[in-house]
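The opening position of the sequence shown corresponds to residue 1 in the UniProt record's numbering, with each subsequent residue numbered one higher.
Glycine included, C-beta positions come from ideal geometry on N, C-alpha and C.
Notes for the one structure printed next.
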Amino acid sequence: MNHSLYSGSGIVPEMDDVQFSRWQSLLEERTGMCLPAQRRSFLQTSLGLRMQEVGCDSYQEYYDRILSGPAGAIEWNTLVDRLTVQETRFFRDPDAFAFVEQHMRHMQRALGEQETFEAWSVGCSSGEEAYSLAMVAEEVLGHSGRRFAVTGTDISTIVLRKARAGRYMSRSLQWLPEFCRASDMLTLDSGHIQISDSIRKSCCFSQVNILNLDACPLEQQHLIYCQNVLIYFRRWRRREILNVLAQRLAPGGVLIIGLGEMVDWQHPLLEPVRSSRVSAFIRKSETSTGETARR
Ligand SMILES: C[S@@+](CC[C@H](N)C(=O)[O-])C[C@H]1O[C@@H](n2cnc3c(N)ncnc32)[C@H](O)[C@@H]1O
1 MNHSLYSGSG
11 IVPEMDDVQF
21 SRWQSLLEER
31 TGMCLPAQRR
41 SFLQTSLGLR
51 MQEVGCDSYQ
61 EYYDRILSGP
71 AGAIEWNTLV
81 DRLTVQETRF
91 FRDPDAFAFV
101 EQHMRHMQRA
111 LGEQETFEAW
121 SVGCSSGEEA
131 YSLAMVAEEV
141 LGHSGRRFAV
151 TGTDISTIVL
161 RKARAGRYMS
171 RSLQWLPEFC
181 RASDMLTLDS
191 GHIQISDSIR
201 KSCCFSQVNI
211 LNLDACPLEQ
221 QHLIYCQNVL
231 IYFRRWRRRE
241 ILNVLAQRLA
251 PGGVLIIGLG
261 EMVDWQHPLL
271 EPVRSSRVSA
281 FIRKSETSTG
291 ETARR
C-alpha cells in the first residue's frame, strides 16, 4: 500500500496516528487551535508542503526542527501562518458593526473631553476588522475631534505585515459601506484599495498570542472585538480567554464576540446585551449597574 499523498506539487508522506496526535497537541498547546480528526489531510498536506520547502523528509524530523532554538521559533511563525484560518473581510458581521456604531455614539457622550476611545480587534488577521472599526470611529467620533485608537493583535506575524500595509484587492470594496467608499478613508489604484494614512495612523498592529494575554498590556478598552477566533478552541479555553478580556474593558466598555461562539458564558463584571443579532457584553460602571438599562 502506498503511504503517501499527492499534494499537487509533489508527494507528501502519510501521517500516522502517533504523528497526527503529536502535531495536534503541539498546535493546541501553542495556539489553542483544536484540529479535529477530519482535518488530518489538511495538516498532512500543509506540513508536507512546508517540509519539501525546507528539505525535511519526515514529520518527526520537522517536529524536532520546530522545537529547536531560535531557528525553530522562526520556522514556527511560518507554520502558524499556514495552519491557522485567516479568512476575514471588512464589516464581516454587519449587525455587530451596527452595534459598534451605536456603542461609539453612546461613549462619545460618556467619555471625558480629553479621553481617547480605545478599541481592540483580537485575532485581527490581515487587518480588515481593525480598519472597519477605525472607519466607524472616524465617521462617528472623528467629526467632533474625539481621538480614537484601534489595536489589532494576532498570533501570525505574516498577516500582521499585511495589516500594517493596509493594501487590499479592490474586490474588497464590495464589503465596504457607502460612507467609507465615498470618503477619503481609502484610495483606489491599479486593482487595489489603499487605506488612507490618517486611518492607518489611528491603528497599530502587534503580535499577541491570545493564550498569553498576561503579557499583553492592553487595558481600559472601550471596545473589544473578538470574532471567529475562539470557535477553534475548546470551551474551557474560550471561557478563560473571555474572563481575561472582561478584565481589560474600561467601565462602560463593550466586548463583542461572534453570535453563538459562547452561549452560556457570564461574567460578574459584565452585563449581557439583550439581542438576538449580536453577542455583546457591557462592563458595568464602578458606581452603578444600570449602564445597560439606557440602551
Ligand atoms: C478566521 S480569522 C478571524 C479574523 C477576524 N477576527 C474576522 O472575524 O474576520 C482568525 C485569526 O485568529 C488568529 N489566531 C488563531 N490563534 C490565535 C492565537 N492563539 N492568538 C492570537 N490570534 C490567533 C489567526 O491567525 C487568524 O488570523
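Excluding five sequence neighbours on each side, which residues of the same chain lie with their C-beta closer than 8 Å to the C-beta of residue i?
i           : result
Phe233      : Gly32, Met33, Cys34 and Ile241
Ile224      : Ala119, Trp120, Val122, Leu245, Arg248, Leu249, Gly253, Val254, Leu255 and Ile256
Ala71       : Arg65
residue 325 : No statement about residue 325 is possible, as the shown extent of the chain runs from 1 to 295 and does not include it.
Just to check my reading of the structure: residue i and residue j have Cβ atoms closer than 8 Å, yes? What is that Cβ distance to the nearest angstrom?
i      : j      : result
Ala134 : Ile199 : 5 Å
Ser125 : Asp154 : 6 Å
Ile195 : Ser172 : Incorrect: roughly 10 Å between the Cβ atoms, too far for contact.
Cys203 : Ala130 : 5 Å
Gln19  : Tyr59  : 4 Å
Gln174 : Leu141 : That belief does not hold up - the Cβ atoms of Gln174 and Leu141 are roughly 26 Å apart, past 8 Å.
Give every residue of the same chain whose Cβ lies closer than 7 Å to the Cβ of residue i, excluding the five residues on either side of it in the sequence, and list them in chain order.
i      : result
Thr116 : Arg147, Phe148 and Ala149
Val80  : Thr31, Ile155 and Ser156
Ser46  : Arg82 and Leu83
Thr88  : Ser125, Ser126, Glu128 and Glu129
Tell me, please, which residues DSSP counts as bridged to residue i.
i      : result
Gln227 : Its beta-bridge partners do not exist; DSSP assigns none.
Pro272 : Phe281
Val254 : Leu223 and Ile282
Leu211 : Answer is none; Leu211 lacks a bridge partner.
Cys204 : Thr151
Gln194 : Arg167 and Thr187
Leu249 : Gln221
Would residue i and residue j qualify as a contact pair, given that the criterion is a beta-carbon distance under 8 Å?
i           : j      : result
Arg277      : Met262 : no
Ala137      : Gly252 : no
Phe91       : Leu186 : no
Asn228      : His267 : no
residue 302 : Arg164 : Residue 302 falls outside the range modelled here, since the chain spans only 1 to 295, and no answer is possible.
Met51       : Tyr62  : yes
Gly145      : Gly127 : no
Going along the chain, which residues of its own chain have a beta-carbon closer than 6 Å to the beta-carbon of residue i, five neighbours each way excluded?
i      : result
Glu86  : Just to set this straight, residue 86 is Gln in the shown sequence, not Glu. Excluding residues within five positions, the ones whose Cβ falls inside 6 Å are Ser125 and Val159.
Phe281 : Leu255, Leu270 and Pro272
Asn77  : Thr157
Cys56  : Tyr62
Glu28  : Cys34
Legend entry - Segments of 4+ residues assigned as alpha helix (DSSP H) that fall wholly inside the stretch 111 to 188: Within the stretch 111 to 188, the alpha helix (DSSP H) runs of at least 4 residues that lie entirely inside it are, in chain order, 128 to 140, 157 to 165 and 178 to 181.
Inset, instruction - Kindly provide the ranges of any alpha helix (DSSP H) runs that are 4 or more residues long and lie completely inside the stretch 40 to 109, ordered along the chain. - result: 40 to 54, 59 to 66 and 69 to 83
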